[in-house]
Structure formats: structure tokens, C-alpha cells
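Okay, so here's the structure we're looking at.
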Amino acid sequence: ELDRERAKLERDEQRLIGEIKRAAKKGNEAEARTLAKQLVQVRNAKTKMVTMKSQLGAVKTKTTMMAATDTMAQSMKSSTAAMKRANKAMDVGKMQKNM
Numbered sequence: 034e035l036d037r038e039r040a041k042l043e044r045d046e047q048r049l050i051g052e053i054k055r056a057a058k059k060g061n062e063a064e065a066r067t068l069a070k071q072l073v074q075v076r077n078a079k080t081k082m083v084t085m086k087s088q089l090g091a092v093k094t095k096t097t098m099m100a101a102t103d104t105m106a107q108s109m110k111s112s113t114a115a116m117k118r119a120n121k122a123m124d125v126g127k128m129q130k131n132m
């Protein structure tokens, strides 16, 4: 979605550049200035779009890491429970005598 919007902004930028050049060739300075202001707005929007995409990527990475951490914590929880059951089942005194 963001890539499509960025591509649209790039097309708009190229279109505006062409229109600015045509207005300048005709000597229509007022139109060229207006189009130049629009061009600046399009470029700013493009920059914001790239920044937003980067931030979304960072959020996605953090979410993935959080999910992995949660999975690891759940695994450790079940391992701890299994060790607890194993310790209850064993007679520590007999184990020490055998060693």
C-alpha cells in the first residue's frame, strides 16, 4: 500500500516538473511558482511516506521479537514445570548414595 502511494507521488513529481518547465518556457512565472510549491509539497509527502514505511518496519520487527520472547518464556515455563515434577518423583537420598 505504501509502495503504491510512493509510486503515485513519484509520478506526480515527474508530472509537476514537466508542467513547471512548460510554464517557464511560456514565460508564465505565476503558474510556475504555484506548480513549484506543489512540487515541494509532493516531495515532502514522499519523504514522510518513506519515514512512515521505516517506522512501520521497525514496529513489525519489534512485534516479531516480542512474539519470539513470549514463545521462549512459555517454553521455559513448561520446562520448569517438568523439572519440578521430576524432582518430586526422584529420591534425592538414593541418588546421592548411588553416586
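Positions in the sequence shown are counted from 1; adding 33 to them yields the numbering used here. For every residue, glycine included, the Cβ atom is placed at its ideal position computed from N, Cα and C.
Within its chain, find whatever has a CB closer than 7 Å to the CB of residue i; leave out the 5 residues flanking it on each side and keep chain order.
{"i": "residue 49", "result": "68, 71, 72 and 75"}
Taking Cβ positions, are residue i and residue j nearer each other than 8 Å?
{"i": "residue 35", "j": "residue 86", "result": "yes"}
{"i": "residue 53", "j": "residue 65", "result": "yes"}
{"i": "residue 37", "j": "residue 79", "result": "no"}
Leaving out five residues on either side along the sequence, give the residues of the same chain with a beta carbon under 6 Å from the beta carbon of residue i.
{"i": "residue 45", "result": "75"}
{"i": "residue 110", "result": "none"}
Just checking residue i against the ligand ZN - is the residue's beta carbon closer than 7 Å to any of the ligand's heavy atoms?
{"i": "residue 66", "result": "You won't find the ligand ZN in this model; it holds no ligand whatsoever."}
Short of 8 Å in beta carbon distance, which residues of its chain neighbour residue i, apart from the five on each side in sequence? Order them along the chain.
{"i": "residue 123", "result": "none"}
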